[in-house]
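Student: Residue numbers (the numbering used here): 906 to 1208.
Just so it is clear, CB atoms sit at the ideal spot from N, CA and C, and this is done for glycine as well.
Note that the structure is predicted; figures quoted are calculated from it, not measured.
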Amino acid sequence: MKVAFLSVNTGAYDTFFKVLFPYNYQNFLPDCQVTFFVFTDSKDLEQSFALNPRVKVIYQEYEPWPAPTLDRFAYFLSQAEQLQEFDYIFFANANYYCKNPIKAEQILFAPTGDLGKDLIMVEHFGQNFIAEHLRSYERNPSSQAYIAPQPERPTTYVAGGFYGGTAQAFLALARTLAQRIQADKEQGIVAHWHDESHLNRYLYDLNYACHFLPPCYCVPQEYDFESRYIGERQDWPCVLLNKNALPSPAQDIRSNQASYDPRWIEILIMQERELESWWLRDRHIFYPNAIKNQCFNTLLWEI
């Protein structure tokens, strides 16, 4: 099975790829042939992975935030000819750390040929347990991502940090969302949660005819122990590393002038192991509260 793993690593986000590639290569679909497509302006990444057949470095000119999140579908479509040769395509945020093996049987499903049913999405870790009218959908009627409050129709909020599908379904999604985002930009509109808002409208239009993965496939590292229980922390397949815990302000990492020490990312990985140990040690305290909680809280720390 041939799988493409897409990542946008412009600016200082190249540091995340340098550190996380060995973990993600080892743990993400080890029973498949995975090729990593890295969209970056980093000459360092280009040189470091030039001889690695499992990594394709695509030069992507640096754009100020929020362009890298809004324009990512256009980035992906620039490689559509290559990507359509794969069986499946997945996108993950640059800080996506695959800490446990994810096997094909866990997240891949037999293709149906239906562009909705062949998508694979992750239920958001927090949005689906609050009232529908409070969820963070785009509520501007002029936006292509608009979803009106639905008192009678149930909705499912999906996470924008990890998703995929068959190559055909993924590229169809990318084409539609690239067009919608461009239409918004021409009207001076930026959706509330950028690409995630557009992703949720796309699934809404398809009446959620996709495969859903549980929240533990895209959960922030700062997810508090007594937040809603989504499984044993040590068993989560992955986390989005807490970039807000890095020494510099979080916005600096989006700059092409920032420079991040790879050791800082390794510290975040070590921190995750400590958080696992903390959960196991005090599980008898945290678990009773977590299973009763329908919300989430945030752990705050800095390295």
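Any idea what DSSP makes of Tyr-1109, helix, strand or coil?
Tutor: Locating residue 1109 in the sequence shown gives position 204, counting from the first residue. DSSP places Tyr-1109 in helix when its eight states are reduced to three.
Student: Name the residue from Met-1175, Leu-911 and Pro-1056 whose alpha carbon lies nearest to the alpha carbon of Lys-1004.
Tutor: By one-based count along the sequence shown, residue 1004 stands at place 99. Among Met-1175, Leu-911 and Pro-1056, the Cα nearest to that of Lys-1004 belongs to Met-1175.
Student: Take Ile-1086 as the anchor and find which of Asn-1045, Asn-1112, Phe-1130 and Gln-1049 has the nearest alpha-carbon.
Tutor: Indexing the sequence shown from 1 puts residue 1086 at position 181. Out of Asn-1045, Asn-1112, Phe-1130 and Gln-1049, Gln-1049 has the C-alpha closest to the C-alpha of Ile-1086.
Student: Could you please give the first and the last residue of the uninterrupted alpha helix (DSSP H) stretch that includes Thr-940?
Tutor: Residue 940 sits at position 35 when you count from the first residue of the sequence shown. Where Thr-940 is concerned, there is no enclosing alpha helix (DSSP H), although the beta strand (DSSP E) it sits in stretches over 938-945.
Student: How would you write the range of the beta strand (DSSP E) that His-1116 sits in, first residue to last?
Tutor: Numbered from 1 along the sequence shown, position 211 holds the residue referred to as residue 1116. Start and end: 1116-1118.
Student: According to DSSP, simplified to helix, strand and coil, what is Gln-1156?
Tutor: Looking up residue 1156 in the sequence shown gives position 251. Unreliable positioning characterises Gln-1156 in this predicted model, as indicated by a pLDDT of 48, which lies under 50. The coordinate reading is nonetheless provided below. Helix.
Student: If you reduce the DSSP assignment to three classes, tell me which class Leu-1228 lands in.
Tutor: Nothing about residue 1228 can be reported from this structure: the residues present for the chain run from 906 to 1208 only.
Student: Among Phe-1034, His-1103, Ile-1094 and Leu-1146, which residue has its Cα nearest to the Cα of Tyr-1122?
Tutor: Position 217 of the sequence shown, counted from the start, is the residue given in the question as residue 1122. Of the listed residues, the one whose Cα sits closest to Tyr-1122 is Leu-1146.
Student: What are the start and end residues of each continuous alpha helix (DSSP H) run of 4 or more residues lying completely inside the stretch 935-1014, in chain order?
Tutor: Counting only runs of 4 or more, we get 948-953, 972-975, 977-982, 985-988 and 1009-1012.
Student: Among Ala-1036, Ala-1053 and Ile-1035, which residue has its Cα nearest to the Cα of Glu-1043?
Tutor: Within the sequence shown, the letter at position 138 stands for residue 1043. When only C-alpha atoms are compared, the closest one is Ala-1053.
Student: Thinking just about the alpha-carbon of each residue, which of Met-1026, Gln-1055 and Asp-949 is nearest to the one in His-1038?
Tutor: Counted from its first residue, the sequence shown places residue 1038 at position 133. Nearest of Met-1026, Gln-1055 and Asp-949 to His-1038, Cα basis: Gln-1055.
Student: By the 10 Å Cβ neighbour count, where 16 or more other Cβ atoms means buried, how is Glu-966 classified, buried or exposed?
Tutor: The residue labelled residue 966 in the question sits at position 61 within the sequence shown. Exposed, by the Cβ-count rule.
Student: On a CA-only basis, which of Phe-995, Gln-1073 and Ile-1172 is nearest Phe-933? Give me that one, please.
Tutor: Counting from 1 along the sequence shown, the entry for residue 933 is found at position 28. Checked all of Phe-995, Gln-1073 and Ile-1172; the closest Cα to Phe-933 is Phe-995.
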